[in-house]
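In the working numbering, the protein residues as written are 414 to 531. From the three backbone atoms N, C-alpha and C, an ideal C-beta is built for every residue, glycine too.
The following block contains the structure:
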């Protein structure tokens with residue numbers, strides 16, 4: 414198992430479930446990780462939250478939730494759920510602080526991905 418996958422597992426990611434969805438193809442999974450970290454829904458979510466555009470924010474957050482679930486990135490999934498559920502109820506209060514937490518996790522994911530090339 415590569416160092417990237419070891420670090421993801423140590424972070425609390427569900428690699429067993431994710432790799433099952435990827436038919437055991439670790440290389441394909443690792444190739445998809447940068448696409449997760451650079452998903453345009455991150456920026457869309459930030460902009461929509463700042464503009465109080467609840468529908469757009471919900472759509473972006475829900476997209477990220479699905480991506481994190483499929484990729485088994487449990488820590489980020491759990492954080493984005495804290496954004497999705499209030500938005501589902503039409504509430505936007507305090508979600509920028511949760512987005513900040515998600516952004517920190519995004520940076521951590523990027524740092525894990527970069528270990529592959531070292």
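Asked                                                                                                          : Found
Cβ-Cβ distance between residue 525 and residue 459 below 7 Å                                                   : no
For residue 436, the three-state DSSP class (helix, strand or coil)                                            : coil
Residue 487 versus residue 522: straight-line alpha-carbon distance, rounded                                   : 12 Å
Residue span of the alpha helix (DSSP H) that contains residue 491, given as start and end                     : 487–501
Distance between residue 444 and residue 470 (C-alpha atoms, nearest Å)                                        : 27 Å
Buried versus exposed call for residue 484 [16 or more other C-beta atoms within 10 Å across all chains shown] : buried
Residue range of the alpha helix (DSSP H) that includes residue 476                                            : 467–484
Nearest candidate by alpha-carbon position, reference residue 534, set 436, 447, 430 and 434                   : Because the chain in this structure spans residues 414 to 531, residue 534 falls outside the shown range and cannot be described.
Identity of the residue in 434, 472 and 465 nearest residue 497 by Cα                                          : 472
For residue 503 and residue 467, believed in contact at Cβ under 8 Å, the rounded distance                     : 6 Å
For residue 474, the nearest candidate out of 465, 464, 454 and 435 (CA to CA)                                 : 454
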